[in-house]
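S.K.:
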Amino acid sequence: DAGVTQSPTHLIKTRGQQVTLRCSPKSGHDTVSWYQQALGQGPQFIFQYYEEEERQRGNFPDRFSGHQFPNYSSELNVNALLLGDSALYLCASSLSTGGAGTDTQYFGPGTRLTVL
Amino acid sequence: AQKITQTQPGMFVQEKEAVTLDCTYDTSDPSYGLFWYKQPSSGEMIFLIYQGSYDQQNATEGRYSLNFQKARKSANLVISASQLGDSAMYFCAMREPWYSIQGAQKLVFGQGTRLTINP
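The listed protein sequences derive, respectively, from chains A and B.
Take 1 as the starting number for the first sequence in the numbering used here and just add one per residue.
Take 117 as the starting number for the second sequence in the numbering used here and just add one per residue.
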């Protein structure tokens with residue numbers, strides 16, 4: 001049973017560029033959440049996708065956008081990159097049970113983005 | 117607003133000893149979930165254990181147990197018989213109350229505790 005996968009593993013970009021990160025959820029999961037983890041910090045919630053819609057969003061600017069596909073995979077796009085966007089980007093998948101279960105989020109290995 | 121506090125930036129423990137990692141939380145909602153994750157140097161967050169706010173008993177998963185004290189708003193992780201492979205960052209997280217947005221599952225994380233197991 002494949003877990004959550006993310007690509008690419010590492011990425012180096014320059015300021016002002018755009019980047020797309022990809023995530024495939026764990027088999028059977030329908031919900032994808034994205035988190036940004038700066039060095040030495042805990043992850044910060046960016047947004048969550050369910051049924052191809054953005055269901056909830058954290059305190060991130062509109063430069064951060066996403067998409068969920070019919071197969072539940074997801075992309076995170078960041079435009080006009082800033083030095084401060086350098087971080088580990090984590091994707092987590094879960095099964096939405098409407099509160100009936102723990103709805104545990106399982107994380108992928110992350111994409112480490114460096115902005116120069 | 118929800119908040120998770122982990123007051124131990126780093127801990128050093130001898131192999132085979134038990135270790136307790138502290139976590140306190142703040143929420144005004146009666147319904148919430150608490151999670152612990154392990155993050156090795158590779159970066160992946162590994163789910164360890166879950167405790168629901170209405171659960172009557174403390175959660176246990178193998179060598180991991182959660183010391184849940186609701187009145188004190190604390191959810192400490194206890195690792196019994198520590199192993200060298202337990203060396204990692206450990207994060208406590210809270211799930212936003214599920215009924216605020218149907219099925220929403222945003223996690224709020226603490227700053228983490230770096231655990232080092234010495235041989």
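Just so it is clear, CB atoms sit at the ideal spot from N, CA and C, and this is done for glycine as well.
Keep in mind that this is a model prediction, so the values were computed, not measured.
1. Compare the C-alpha of G3 (chain A) against each of A:S27, A:P61, A:E75, A:V32 and name the closest.
2. Quick test of your reading: L137 (chain B) and T229 (chain B), contact by CB under 8 Å. State the CB separation rounded to the nearest angstrom.
3. Compare the C-beta of K154 (chain B) against all C-beta atoms of chain A and say whether one is closer than 7 Å.
4. Classify A84 (chain A) as helix, strand or coil using the three-state DSSP reduction.
5. For the segment 142–174 of chain B, enumerate the residues whose C-beta is nearer than 9 Å to any C-beta of chain A, in chain order.
6. Flag this pair as touching only if the segment 129–148 of chain B and the segment 60–67 of chain A have three or more C-beta atom pairs under 8 Å; answer yes or no.
7. Can you find the residues in the same chain that come closer than 8 Å, C-beta to C-beta, to L11 (chain A), ignoring five residues on each side of it along the sequence?
8. According to DSSP, simplified to helix, strand and coil, what is D202 (chain B)?
9. Comparing alpha-carbon positions, which option in B:I165, B:Q118, B:G159, B:Y180 lies nearest A134 (chain B)?
10. Beta strand (DSSP E) containing Q44 (chain A): first to last residue?
11. Under a three-way DSSP split, which group does T121 (chain B) fall into?
M.R.: This is what the structure gives:
1. A:S27
2. 5 Å
3. no
4. Note that residue 84 (chain A) is Gly in the sequence shown, not Ala. In this structure, G84 (chain A) counts as helix in the three-state DSSP scheme.
5. S147, G149, F151, Y153, Q155, S158, G159, E160, M161, I162, F163, Y166, G168
6. no
7. V19, L21, T111, R112, L113, T114
8. helix
9. B:Y180
10. 44–50
11. strand
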